[in-house]
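For the sequence shown, the working numbering assigns the number 142 to the initial residue and increments by one for each residue that follows. Please read the structure below before turning to the comments.
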Amino acid sequence: MYGGGYEDLRSLILSDKDSTPQDPSKARCYDSGETNACPQPLPLGQVKNAATIAALGKKVTIVDARPEDAFPKSFDNAHRVVNDDDAIKKLFAKLDKDTVIVYFCQKGVLSFRAAKSVKRLGWKARVFWIDNGGFPELEKITGMTYL
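Written out as structure tokens, the structure is:
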């Protein structure tokens, strides 16, 4: 039994001094869901196939948050945009304003940071980040090199 002095897990999450509604942690985004500052978490366990990602909206684009020099292999149709404001703004210019953005990386850390930056920079359509896994698992789940 948890004896840490908090009535519930939500109290513990909200007490994190390194996480605010304006600069949320992953845990805070899991608690709140998508907000102006939080991208929507999409745990790898919820991704059953490529259709799961396609069903997130009428227009969906996938974005690889991993640096290309360190991770040259990706999905053929994925944009490669690391967590850099200028690079993210260039991505915005390529997309229709109602495009759903789904970020992935290797384990979920880089994709969360980049997706959070997308929200901070004002993207109005939905923004997801795949957590608890990334490209290697997505490639196995979908059996594809194109999502």
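Ideal Cβ placement from N, Cα and C applies to all residues, glycine included.
Reduced DSSP category for residue i - H, G, I as helix; E, B as strand; rest coil
i    : result
S268 : First, the residue type needs correcting, since residue 268 is Val and not Ser in the sequence shown. Of the three classes helix, strand and coil, the one that applies to V268 here is strand, per DSSP.
N273 : coil
T89  : This structure gives no information on residue 89, because the portion of the chain shown stretches from 142 to 288.
Q163 : coil
G146 : Low local confidence applies: a pLDDT of 47 at G146 is under 50, so the model's placement there is unreliable, and no value is given.
Boundaries (first-last residue) of the alpha helix (DSSP H) holding residue i
i    : result
D172 : K167 to S173
L232 : D226 to K235
L251 : V250 to R261
Cβ pair residue i, residue j closer than 7 Å
i    : j    : result
C170 : P162 : no
G249 : N273 : yes
Y244 : A256 : yes
D172 : K200 : no
K167 : F276 : no
T260 : A178 : The displayed chain sequence assigns Lys, not Thr, to residue 260. Yes, Cβ-Cβ distance for K260 and A178 is below 7 Å.
Residue range of the unbroken beta strand (DSSP E) whose run includes residue i
i    : result
T193 : T193 -> not in any beta strand (DSSP E); alpha helix (DSSP H) instead, spanning A191 to A195.
P180 : That residue, P180, is in no beta strand (DSSP E); it is neither H nor E in DSSP.
V241 : V241 to F245
Beta-carbon separation (whole angstroms), residue i vs residue j, contact threshold 8 Å
i    : j    : result
P208 : W270 : With a Cβ gap of about 17 Å, P208 and W270 do not count as contacting.
Short CB-CB distance (under 7 Å) between residue i and chain C
i    : result
T283 : Within the model displayed, chain C is absent; a lone protein chain is all it includes.
- Three or more beta-carbon pairs under 8 Å between the stretch 179 to 197 and the stretch 220 to 233, yes or no? no
- Answer yes if the stretch 193 to 201 comes into contact with the stretch 209 to 225, meaning at least three C-beta pairs across the two stretches below 8 Å, and no otherwise. no
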